[in-house]
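full-length UniProt numbering numbers the first residue of the sequence shown as 6 and each following residue consecutively. Glycine residues also receive a C-beta, built at the ideal position from the N, C-alpha and C atoms. One structure is given here, and the rest of the page talks about it.
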Amino acid sequence: TPFRLDGRVVLVIGASSGLGQHFARLLASVGARIAVAARRADKLQGVVDDIAAAGGEARAFTLDVTDAASVRACLDAVGAWGVPDVVINNAGITVTRPLLEQTEEDFDQVLDTNLKGCWLVATEAARRMVAAGKGGAIVNVASILGERVAGGVAPYAISKAGVVQATKAMALELARHRIRVNALLPGYVVTDLNRDFLTSEAGDKLRSRIPSRRFGELTDLDGPLLLLASDAGAAMSGATVAVDGAHL
Ligand code: NDP
6 TPFRLDGRVV
16 LVIGASSGLG
26 QHFARLLASV
36 GARIAVAARR
46 ADKLQGVVDD
56 IAAAGGEARA
66 FTLDVTDAAS
76 VRACLDAVGA
86 WGVPDVVINN
96 AGITVTRPLL
106 EQTEEDFDQV
116 LDTNLKGCWL
126 VATEAARRMV
136 AAGKGGAIVN
146 VASILGERVA
156 GGVAPYAISK
166 AGVVQATKAM
176 ALELARHRIR
186 VNALLPGYVV
196 TDLNRDFLTS
206 EAGDKLRSRI
216 PSRRFGELTD
226 LDGPLLLLAS
236 DAGAAMSGAT
246 VAVDGAHL
């Protein structure tokens, strides 16, 4: 099946919790060798152990995506194990506050992580893939808020809109190197990122406006993620794939 990734090296950034942790396990289950990366080494080791217990192969690498030197060092270490065939570019944070209460620090933190971090990881990975003569796939995890807005998350929405455009720009220039770049735009899934908000009264209100009256599940993302990461999506690049149950 074209959805399998047997023997491919897949680097999952932001794999210490939430979507990234789920993606790492999923990709291991279709045969990939998984490099998991984030700041929290203890959490990453837990993911590596789970994958190994399930018969897969994984290694942990720490990095801070806001620090270019850290991104380079991580990519070098991963490259020594195996230059990635696939990168799931998934690190992200948010600060939820009304626009007029957002600070410069909020803005910088969110943009540095979500947009500049995405840029640094994708370009540093692509350089190494090109040097190794390897085609492959990069999946940038954006958000439906990259195309629409909601209250209280202006820097986040701005950063994710940037990720959508970065995806298209990268897809254009990397096509001749046989590297595909696509954006996954998840709807709301309860994780550490948003649990406080989604389980609050404001979260209830938001859910009542979703046609299905439910937030997404991690597994809702499995098929779309595998499509973008594997040969099943071989002719897709520069695409934005929303997985939101048509909810806004
Ligand atoms: P989590 O908070 O559970 O996970 C975020 C991940 O990003 C963690 O592994 C964290 O690891 C990592 N991370 C954060 N900052 C850095 C950094 N500076 N350097 C390296 N890694 C970092 O949130 P989610 O799983 O929900 O989010 C994952 C992605 O999905 C994000 O990009 C988010 O914007 C996006 N998304 C989520 C949605 C949702 O509803 N949950 C909806 C749409 C998009 P550590 O702290 O160990 O560094």
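* Does the distance from the CB of Ala33 to the CB of Gly12 come in under 8 Å? -> no
* To do: Indicate whether Ile18 and Ile93 have their beta-carbon atoms separated by less than 8 Å.
  => yes
* Out of Met241, Ala131, Ala46, Cys79, which has the shortest C-alpha to C-alpha gap to His182? -> Ala131
* To do: Pair every Cβ in the region 24-44 with every Cβ in the region 111-120, then say whether three or more of these pairs are closer than 8 Å.
  => The way I'd put it, the region 24-44 doesn't touch the region 111-120; fewer than three beta-carbon pairs between them come closer than 8 Å.
* Asked: Given that a residue counts as buried once 16 or more other Cβ atoms are within 10 Å of its Cβ, and exposed if not, what is Arg214?
  -> Arg214 comes out exposed.
* The alpha helix (DSSP H) enclosing Gly141, as first and last residue numbers -> For Gly141, there is no enclosing alpha helix (DSSP H); the enclosing beta strand (DSSP E) has its first and last residue at 141-146.
* What does a CB cutoff of less than 7 Å around Ala180 pick up in its chain, not counting 5 residues either side in sequence? -> Ser242
* Helix, strand or coil for Thr71 per DSSP? -> Note: Thr71 maps to coil in three-state DSSP.
* To do: Please list, in chain order, all residues of the same chain as Phe220 whose beta carbon is under 7 Å from its beta carbon, the five residues on each side excluded.
  => Taking Phe220 as the centre and dropping the five residues before and after it, the same chain places the C-beta of Tyr193, Val194, Val195, Leu203, Arg212 closer than 7 Å to its C-beta, in chain order.
* To do: Run the proximity test for Asp197: is its beta-carbon closer than 7 Å to any non-hydrogen atom belonging to the ligand NDP?
  => yes
* Asked: Name the DSSP beta bridge partners of Leu189, please?
  -> Val146, Val246
* To do: Select from Val88, Val248, Glu152, Val52 the residue whose C-alpha is nearest the C-alpha of Leu226.
  => Distance check between Leu226 and each of Val88, Val248, Glu152, Val52 places Val248 closest, using alpha-carbon atoms only.
* May I ask you to report which of helix, strand or coil DSSP gives Val119? => According to the sequence provided, residue 119 is Asn. The question's Val does not apply to it. Three-state DSSP puts Asn119 in a helix.
* Can you give the Cα-Cα distance for Ser21 and Glu178, rounded to whole angstroms? -> About 30 Å.
* Asked: Taking Cβ positions, are Asn119 and Ile143 nearer each other than 8 Å?
  -> no
* For the alpha helix (DSSP H) that Ile18 lies in, which residues bound it at each end? -> Looking at the DSSP string, Ile18 is not in any alpha helix (DSSP H); the run it does join, the beta strand (DSSP E), is 14-18.
* Asked: Considering Ala40, what are the terminal residues of the beta strand (DSSP E) in which it resides?
  -> 38-43
* Going by the beta-carbon positions, is the gap between Ala171 and Cys123 smaller than 8 Å? -> Yes, the Cβ-Cβ distance between Ala171 and Cys123 is below 8 Å.
* Asked: When DSSP builds the beta bridges, which residues end up paired with Ile184?
  -> Gly141
* Output the boundary residues of the alpha helix (DSSP H) element that contains Val168. => 159-179
* To do: Could you tell me the boundaries of the alpha helix (DSSP H) in which Ile56 lies?
  => Ile56: member of the alpha helix (DSSP H) spanning 46-58, first to last residue.
* Would the C-beta of Leu125 count as close to the ligand NDP, meaning under 7 Å from any of its heavy atoms? -> no
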